[in-house]
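Going letter by letter, the sequence shown gives residues 1 to 300 in the UniProt record's numbering. Even for Gly, the Cβ is constructed at its ideal location relative to N, Cα and C. Since the structure is predicted, the reported quantities are computational estimates derived from the model, not experimental observations. One structure is given here, and the rest of the page talks about it.
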Amino acid sequence: GYARFVNIRDAKGATSLHLAARQRRPDCVHILLDNGALVCASTGGYGCPGSTPLHLAARGGSLDCIRKLLAWGADRLQRDASGRIPYVVALKHKHGACAALLNPSSAEPIVWPAPLKFISELNEEAKTLLEQALMDANREREKNILKGTAYSIPSPSQSDSGLDDNISEASDTELCCICFEQICTIEVQDCGHQMCAQCTLALCCHNKPNPTTASLTPPACPFCRSPIVRLVVAKIKNHDDVDHDIGDVSSSKLRKTRKSRNFSEGSSSFKSLSAVGSFSKISGRGSGRIAAENEWIDKP
1 GYARFVNIRD
11 AKGATSLHLA
21 ARQRRPDCVH
31 ILLDNGALVC
41 ASTGGYGCPG
51 STPLHLAARG
61 GSLDCIRKLL
71 AWGADRLQRD
81 ASGRIPYVVA
91 LKHKHGACAA
101 LLNPSSAEPI
111 VWPAPLKFIS
121 ELNEEAKTLL
131 EQALMDANRE
141 REKNILKGTA
151 YSIPSPSQSD
161 SGLDDNISEA
171 SDTELCCICF
181 EQICTIEVQD
191 CGHQMCAQCT
201 LALCCHNKPN
211 PTTASLTPPA
221 CPFCRSPIVR
231 LVVAKIKNHD
241 DVDHDIGDVS
251 SSKLRKTRKS
261 RNFSEGSSSF
271 KSLSAVGSFS
281 KISGRGSGRI
291 AAENEWIDKP
């Protein structure tokens, strides 16, 4: 029940999301966004008039809040009443890392495709997998933006990443037939084709929402072009022909160390789709050629 109260404003025009961003509370920001908080709402007299939650997160210097707001579609170019964008606010308060991510010239983050009906109907396990893929993709973007600066993010050592376990796990399960790098963790219904969470997210985020209606054209299954009714956690099958739910497998074994590479330039996982279509036989539930008429494949 509290979702209907999420965008109620106080006497100064601030919503709960404004307050959570100002107080550097990323967990609260996530919960509010997940329950329909308006990511680009402007204040009245709270702080600087016309401030969005992103302005207040930039002022407070909370990288985690900024990450979540950007991932939910916060506009880096929206100005407050003084004409300042969040980037300028971060610079003024000497939050260098925040300013780097908010710089309008830096790469755009991947945005959670909330307008899609089947995304709003995800069960908890599937949603967790796709949200993790979103965070991984945007973290890779951050590394590229901050690389060579005083705020660069260190890469985890291979010894700590469980690389051997991941390779062993992948060898016993079916790899995604789009990227050939990740384990199939998401199943498209009703057709039953499977993809990894990273490629599923890239598919959902390929088209941008209509700026006037905020609606998003729903994608079709890349294998058979049938409409996507829902996305669920895939069941994996090992060499012993025993079905397991992906949710029962440790998350560290679901992702290889290259998990986010294909997102570093946006939805670049799909740059390889034309090559995938040349394979005449691909085994498993995710098998089959990707439809040649697919409208989101870049054509020469």
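Short check: CB of residue i to CB of residue j, under 7 angstroms?
{"i": "A74", "j": "V39", "result": "yes"}
{"i": "residue 356", "j": "A71", "result": "A question about residue 356 goes unanswered here, because the residues of the chain that appear run from 1 up to 300."}
{"i": "A197", "j": "I186", "result": "yes"}
{"i": "G63", "j": "R22", "result": "Reading the sequence as shown, one finds Leu at residue 63 and not Gly. Contact flag unset, no."}
{"i": "R59", "j": "V88", "result": "no"}
{"i": "K12", "j": "G45", "result": "yes"}
{"i": "A133", "j": "L201", "result": "yes"}
{"i": "V233", "j": "A114", "result": "no"}
{"i": "residue 325", "j": "A37", "result": "Outside the shown range of the chain, which is 1 to 300, sits residue 325, and nothing can be said about it."}
{"i": "Q189", "j": "R230", "result": "yes"}
{"i": "C65", "j": "P104", "result": "no"}
Here's a check: name, in chain order, each residue in its chain whose Cβ is nearer than 6 angstroms to the Cβ of residue i, leaving out the five neighbours to either side.
{"i": "I145", "result": "A100, S106"}
{"i": "L33", "result": "W72"}
{"i": "R9", "result": "T15"}
{"i": "S226", "result": "C191"}
{"i": "R67", "result": "none"}
{"i": "S250", "result": "Confidence in S250 is poor, its pLDDT being 40 and thus under 50, which makes the residue's placement unreliable; the coordinate value appears in the next sentence. So the list is empty, once near-sequence residues are dropped."}
{"i": "residue 301", "result": "As displayed, the chain neither begins before 1 nor continues past 300, which places residue 301 out of reach and without an answer."}
{"i": "I119", "result": "P113"}
{"i": "L130", "result": "A197, L201"}
{"i": "C176", "result": "Q182, C184, M195, C196, C199"}
{"i": "D160", "result": "Confidence at D160 is low in this model, with a pLDDT of 46, below 50, so the placement of that residue should be treated as unreliable; the coordinate-derived value is given next. Around D160: no qualifying Cβ."}
Just grab the DSSP bridge partners of residue i for me.
{"i": "M195", "result": "I186"}
{"i": "V233", "result": "I186"}
{"i": "A57", "result": "A57 is not bridged to any residue."}
{"i": "L175", "result": "I183"}
{"i": "P49", "result": "BP columns for P49 are empty, so no partner."}
{"i": "P227", "result": "A220"}
Would you say residue i lies against chain D (beta-carbon separation less than 7 angstroms)?
{"i": "A97", "result": "As a matter of chain content, chain D is missing from the structure shown, which is built from one protein chain."}
If you measure from the CB of residue i, is any heavy atom of the ligand GTP nearer than 6 angstroms?
{"i": "K143", "result": "Because no ligand of any kind appears in the structure shown, any question about the ligand GTP cannot be addressed here."}
Under DSSP, the alpha helix (DSSP H) around residue i begins and ends at which residues?
{"i": "R139", "result": "124-146"}
{"i": "L101", "result": "96-102"}
{"i": "S16", "result": "16-22"}
{"i": "D10", "result": "Where D10 is concerned, there is no enclosing alpha helix (DSSP H), given that its DSSP letter is neither H nor E."}
{"i": "I31", "result": "26-34"}
{"i": "R67", "result": "63-71"}
{"i": "L216", "result": "Careful: L216 lies outside any alpha helix (DSSP H) and carries neither H nor E."}
{"i": "L91", "result": "86-92"}
{"i": "residue 318", "result": "Residue numbering for the chain in the displayed model covers 1 to 300; residue 318 lies beyond these limits and cannot be assessed."}
Beta-carbon within less than 7 angstroms of residue i's beta-carbon, same chain only, minus the 5 sequence neighbours each way: which residues are those?
{"i": "Y151", "result": "G96, A97, A100"}
{"i": "P86", "result": "L54, H55, A58, R76, L102"}
{"i": "P109", "result": "L70, A71, N138, R141"}
{"i": "C205", "result": "I110, V111, P113, S267"}
Once the 5 residues before and after residue i are set aside, which same chain residues still bring their CB inside 8 angstroms of it?
{"i": "N207", "result": "L216, T217, P219, W296"}
query = For the segment 77-97 against the segment 50-68, are there 3 or more C-beta pairs whose distance is under 8 angstroms?
reply = yes
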